[in-house]
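Colleague: Numbered per the UniProt record's numbering, the sequence shown finishes at 221, counting up by one with no gaps. Positions of the beta carbon are idealized from the N, C-alpha and C atoms, including for glycine. Handing you this structure, nothing more for now.
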Amino acid sequence: MYLLLQAQEYHRHVDLLDQSFRLRKRVFADQLGWDVSVSGPYERDRYDELHPAYLIWCSDDRQVLYGSVRLMPTTGPTLLYDVFRETFPNACDLVAPGIWEGTRMCIDEETVARNFPDMRPDRAFCLLLLALCEVALDHGIDTLISNYEPHMRRYYKRAGAEFDELGRADGYGRFAVCCGAFEVSQRVCSQMRLRLQITQPLYAGSSFAAREPETPVLLTA
């Protein structure tokens, strides 16, 4: 199942959040070698102290984590502007209530393989991406911004996502870092579901109803 955890719900899902920070450490620090904030078995940074929303993929009993994504509004502090400003042109204004940043997206490949032996890691990632689109659509978000390494483009395309690469820059690690603006719409969500052969919404809160742009239901952060 896919859950959206906001600040007022953290206390109900302490173990899932604990697993998420542990997974982030294994993926971003241990596997990818990124220069991230590590404390013991956890990867956490100052943005986690700003009460972001977390999309969590977990077992139906909410005991086992399969993947997670952090969501933050661009109207507040973001990695996009604080760290990755060189990855998009100065002319791009990415600060707006309907534009949110998605970061620290990761999958626990070992746990997915154990509990879903027929699911490839790339499909697991694509499903989490679809759930992210559903969550964003359900909460009045029209654009998701993400920084990613160039090889991730093929996964986004495989999932049926639509995005514009705004720019890229070197100097952040072994590979260039790109900045992409992902469209969030009923059309794109339906396209992704068709591409991934998913007939029902992944996110339980998703109504797939079109919302009036002037009355978004925005997440708190």
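Which residues in the same chain have their Cβ closer than 8 Å to the Cβ of residue 168, if we skip the five residues on either side of it in sequence?
Modeller: Closer than 8 Å at the Cβ level, and outside the excluded window around residue 168, lie 87, 150, 176, 177, 178, 179.
Colleague: Thinking C-beta only, is residue 94 closer than 8 Å to residue 77?
Modeller: Not in contact: residue 77 and residue 94 (Cβ atoms no closer than 8 Å).
Colleague: Across the segment 106 to 116 and the segment 61 to 69, are there enough close Cβ pairs to call them in contact, namely three or more that are closer than 8 Å?
Modeller: Output reads yes: the segment 61 to 69 touches the segment 106 to 116.
Colleague: Note down the Cα distance separating residue 23 from residue 92, rounded to an integer number of angstroms.
Modeller: Using only the alpha carbons, I get a separation of about 33 Å.
Colleague: Nearest to residue 181 by CA position, among 58, 146, 25, 75, is which residue?
Modeller: Checking every option, the nearest Cα to that of residue 181 belongs to 146.
Colleague: Return the Cβ separation of residue 131 and residue 112 in integer angstroms, given the expectation that the two are a contact with Cβ distance under 8 Å.
Modeller: The Cβ separation is near 14 Å, so there is no contact.
Colleague: According to the Cβ coordinates, are residue 53 and residue 71 closer than 8 Å?
Modeller: Contact: yes.
Colleague: Out of 117, 14, 28, 19, point me to the one whose CA is closest to residue 174's CA.
Modeller: With distances taken between Cα atoms, residue 174 lies closest to 28.
Colleague: Nearest CA to the CA of residue 128: which residue from 6, 43, 201?
Modeller: Nearest C-alpha to residue 128: 201.
Colleague: Under the rule that 16 or more other beta-carbon atoms within 10 Å means buried, what is residue 140, buried or exposed?
Modeller: It counts as buried.
Colleague: At 4 residues or longer, and completely inside the segment 126 to 202: list those alpha helix (DSSP H) runs for me, N to C.
Modeller: With a minimum length of 4 residues, the continuous alpha helix (DSSP H) runs that stay inside the segment 126 to 202 are 153 to 158, 186 to 196.
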